[in-house]
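Numbering (our numbering), first residue to last: 489 to 981.
Think of the CB as a built atom: it goes at the ideal place given N, C-alpha and C, for glycine as much as any other residue.
This structure is a prediction, so every number in the text was calculated from the model and none was measured.
Comments concern the structure below.
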Ligand SMILES: Cc1cc2nc3c(=O)[nH]c(=O)nc-3n(C[C@H](O)[C@H](O)[C@H](O)COP(=O)(O)OP(=O)(O)OC[C@H]3O[C@@H](n4cnc5c(N)ncnc54)[C@H](O)[C@@H]3O)c2cc1C
């Protein structure tokens with residue numbers, strides 16, 4: 489495989505940024521093309537984000553939804569995987585610059601697919617994130633797992649001491665879209681079913697699970713009828729749904745919200761989960777600055793109808809990063825966009841005419857509420873209950889990457905949905921505190937790991953000093969022996 493730092497190669501070089509839905513499906517779609525593909529991503533795994541909430545609530549393990557990209561692509565000879573956070577794209581020089589722990593890599597491209605997705609948005613209130621983690625990565629899901637199960641543990645301790653534990657047994661999920669609905673439903677199932685026999689001093693069934701949103705309905709994209717149905721199902725599960733409430737403050741012990749009539753209320757809660765907004769990758773800004781392409785409020789970049797950047801037919805942007813025809817931020821938009829881009833690259837090399845503009849085929853949307861309950865929207869069809877739930881199960885199984893993950897997820901679901909048990913309840917201090925600890929590090933992870941060259945210099949210095957110390961010690965030992973001073977107290981020598 490070619491050296492990524494090399495400038496020009498004979499074979500057409502495609503760089504793909506991101507190993508999510510767009511990045512992975514785009515790379516796979518190029519497997520038969522006469523190109524060399526370099527996928528650059530800041531994690532070593534592909535992530536199936538729709539199932540993150542199941543990692544957070546102990547149903548699935550992180551490995552089941554996040555297989556190593558390197559393993560997934562091991563059979564694709566024309567693809568290589570590079571770990572690194574892309575910090576710059578130079579459209580003039582056609583290079584992508586990435587960094588990992590102080591190591592810089594510059595990858596040259598002939599064609600580029602940018603699929604860097606989106607991060608959580610706190611709508612300008614980034615300080616909320618300290619106490620209300622979002623759910624975008626494996627780290628987020630494991631931190632939330634630690635916080636959710638940890639809150640029950642702390643409540644048990646508090647109850648044994650006779651303390652007030654209401655704030656520990658109150659869970660607030662902000663954002664009533666599919667992720668918020670799924671999360672609230674699962675915490676309610678944990679409290680009311682899974683954990684009910686495990687504690688002695690607390691009754692987990694008394695836990696309050698609150699789902700709140702500024703919008704007037706649950707699941708807005710699903711329409712009023714399905715939204716109302718989902719709300720009723722959640723309430724049957726014991727979830728309190730508060731709508732029309734805008735979060736105005738979040739701190740360690742609570743959350744403050746303001747209603748349309750000006751009323752302000754505070755809920756005492758330790759565990760807050762943010763499932764409310766997204767902000768496209770800042771690489772959109774990098775591309776916008778060089779092309780003048782517009783960015784919308786969520787940082788998504790305006791692209792041509794064929795998903796290329798204005799003035800740069802060799803650069804495709806796909807998935808959550810784009811603003812085109814009001815396309816939703818869902819997996820299928822990223823997958824279909826990436827396949828379209830790959831087909832266009834391959835077609836151009838074969839001298840074929842350009843494809844018609846990209847057209848998204850909506851395969852439907854679904855959200856699970858609890859076991860045996862879901863809502864689904866497929867074309868004009870609106871489904872609820874067990875049929876929607878079975879559809880949800882089948883679709884998620886089909887799109888989960890890797891046969892071994894599909895088999896093991898199916899087994900975990902059987903355990904959870906039939907017996908109410910959860911296989912992945914392990915939590916660690918690292919999961920809960922690592923994010924805050926890392927944020928306190930002045931320069932992030934590079935403070936913990938030396939830069940290339942610095943390690944060798946530091947080690948040489950340490951070895952030289954140590955050798956000098958040992959030599960001095962040996963000389964002193966020899967002097968004591970030679971002068972007969974051994975055994976004589978130091979002050980009398
Ligand atoms: C909790 C949750 C639940 C969801 N549920 C559903 C659902 O049920 N159905 C549905 O259709 N959609 C769902 N979505 C949305 C769906 O996951 C996204 O629309 C989809 O992942 C977008 O694909 P993408 O390739 O654009 O971005 P992503 O899949 O997010 O991939 C982005 C990739 O880029 C990498 N990256 C980012 N920045 C850089 C950088 N600077 N350098 C290098 N690499 C970088 C990331 O590590 C990642 O590999 C959900 C999303 C979340 C967060």
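Quiz item: Taking the alpha-carbon positions, what's the residue 759 to residue 652 distance?
Solution: Answer to the nearest angstrom: the Cα atoms are 15 Å apart.
Quiz item: What separation, rounded to the nearest whole angstrom, lies between the Cα atoms of residue 859 and residue 693?
Solution: Spanning the two alpha carbons is a distance of roughly 17 Å.
Practice problem: List the endpoints of the continuous beta strand (DSSP E) containing residue 801. | Solution: Where residue 801 is concerned, the enclosing beta strand (DSSP E) stretches over 800-805.
Exercise. Give a single yes or no on whether residue 791 has its beta carbon closer than 7 Å to a heavy atom of ligand 3.
Key: Among the ligands modelled here, namely ligand 1, ligand 3 does not occur.
Exercise. To the nearest angstrom, report how far apart residue 795 and residue 583 are at their CA atoms.
Key: Taken atom to atom, the span from the alpha-carbon of residue 795 to that of residue 583 is near 19 Å.
Practice problem: Taking all protein chains shown into account, decide if residue 857 is buried (16 or more other Cβ within 10 angstroms of its Cβ) or exposed. | Solution: Within 10 angstroms of the beta-carbon of residue 857 lie 16 or more other beta-carbons, which makes it buried.
Self-check item: Length of the line joining the Cα atoms of residue 655 and residue 885
Solution: Straight across, the Cα-Cα distance linking residue 655 with residue 885 is about 37 Å.
Quiz item: From the DSSP output, which residues share a beta bridge with residue 872?
Solution: 863, per the DSSP bridge assignment.
Quiz item: Could you give the C-beta distance for residue 430 and residue 572, rounded to a whole number, given that I count them as a contact under 8 Å?
Solution: In the structure displayed, the chain extends from 489 to 981; residue 430 sits before or after that span and is not available.
Exercise. Just the C-alpha distance for residue 983 and residue 516, rounded to the nearest angstrom, thanks.
Key: The structure shown has nothing for residue 983, since the chain only spans 489 to 981.
Practice problem: In the DSSP assignment, find the alpha helix (DSSP H) that holds residue 728 and state where it starts and stops. | Solution: Premise fails: residue 728 lies in the beta strand (DSSP E), 727-731, not in any alpha helix (DSSP H).
Quiz prompt | Cβ contact check for the stretch 784-804 and the stretch 700-707: 3 or more pairs under 8 Å | solution = Counting Cβ pairs under 8 Å, fewer than three are found: no touch.
Exercise. With a cut-off of 8 Å on the beta carbons, I'd call residue 916 and residue 634 a contact; round off their distance for me.
Key: The distance from the Cβ of residue 916 to that of residue 634 is about 7 Å, consistent with a contact at the 8 Å cut-off.
Quiz item: Hey, how far is the Cα of residue 922 from the Cα of residue 946?
Solution: CA-CA distance, residue 922 to residue 946, rounds to 27 Å.
Quiz item: Skipping 5 residues on each side, what residues in its chain have a beta carbon closer than 7 Å to that of residue 539?
Solution: In the same chain as residue 539, and ignoring 5 residues on each side of it, the C-beta atoms closer than 7 Å to its own belong to 548, 553 and 884, in chain order.
Quiz prompt | contact_flag[the stretch 828-848, the stretch 509-524] where n(CB pairs < 8 Å) is 3 or more | solution = Cβ pair count under 8 Å is three or more, so yes.
Quiz item: By Cβ distance below 6 Å, which residues in the same chain neighbour residue 630 in space, the five residues on each side in sequence not counted?
Solution: Here the set comprises 919.
Self-check item: Three-state class that DSSP yields for residue 791 in the structure shown
Solution: Residue 791: coil per DSSP, three-state reduction.
Quiz item: CB of residue 827 to nearest heavy atom of ligand 1: below 7 Å?
Solution: Checking every heavy atom of ligand 1 against the Cβ of residue 827, none is found closer than 7 Å.
Self-check item: Cut-off 7 Å between Cβ atoms - residues of its own chain near residue 821, not counting five sequence neighbours on either side
Solution: 807, 815 and 848, listed in sequence order.
Exercise. Take residue 719 and list the residues in its own chain whose beta-carbon comes closer than 7 Å to its own, dropping the five residues that flank it on each side.
Key: Within the same chain, 706 and 729 come within 7 Å of residue 719 by CB-CB distance, once the 5 residues on both sides are set aside.
Quiz item: Can the beta-carbon of residue 662 be found less than 8 Å from the beta-carbon of residue 762?
Solution: Here residue 662 is near residue 762, since their CB atoms are less than 8 Å apart.
Practice problem: Helix, strand or coil for residue 617, going by three-state DSSP, please let me know. | Solution: Three-state DSSP puts residue 617 in a helix.
Quiz item: Do you know offhand how far residue 869's Cα is from residue 880's?
Solution: C-alpha separation (whole angstroms): 14 Å.
Quiz item: If we ignore side chains and look at the alpha-carbon of each, how far apart do residue 851 and residue 646 end up?
Solution: Taking the straight line from one Cα to the other gives about 48 Å.
Exercise. Could you give the DSSP three-state label for residue 747: helix, strand or coil?
Key: Secondary structure at residue 747: strand, using DSSP grouped into helix, strand and coil.
Quiz item: For residue 739, which of 638, 616, 624 and 508 has the nearest alpha-carbon?
Solution: The option with the nearest alpha carbon to residue 739 is 616.
Quiz item: Is residue 708 near ligand 1, judged by its Cβ being under 7 Å from some heavy atom?
Solution: No - ligand 1 has no heavy atom lying nearer than 7 Å to the Cβ of residue 708.
Quiz prompt | Cβ neighbour criterion (16 or more within 10 Å) applied to residue 751 | solution = Label assigned to residue 751: exposed.
Quiz item: Are the beta-carbon atoms of residue 525 and residue 566 separated by less than 8 Å?
Solution: Result yes, Cβ atoms of residue 525 and residue 566 sit closer than 8 Å.
Quiz item: Do you know whose CA, among 776, 675 and 621, lies nearest residue 910's CA?
Solution: Checked all of 776, 675 and 621; the closest Cα to residue 910 is 675.
Quiz item: Which parts of the stretch 512-588 are runs of the alpha helix (DSSP H), unbroken and 4 residues or longer, counting only runs that do not cross its ends?
Solution: Runs of the alpha helix (DSSP H) inside the stretch 512-588: 540-544, 550-553 and 557-560.
Quiz prompt | Cutoff 6 Å; reference residue 721; Cβ partners in own chain excluding five residues on either side | solution = Within its own chain, the residues whose Cβ lies closer than 6 Å to the Cβ of residue 721, once the five positions on either side in sequence are excluded, are 857 and 861, listed in chain order.
Quiz prompt | residue 624 classed as buried or exposed, judged by whether at least 16 other C-beta atoms fall within 10 angstroms | solution = In this structure residue 624 is buried. Its beta-carbon is surrounded by 16 or more other beta-carbon atoms within 10 angstroms.
Quiz item: Is residue 692 helix, strand or coil when you go by DSSP?
Solution: It is helical.
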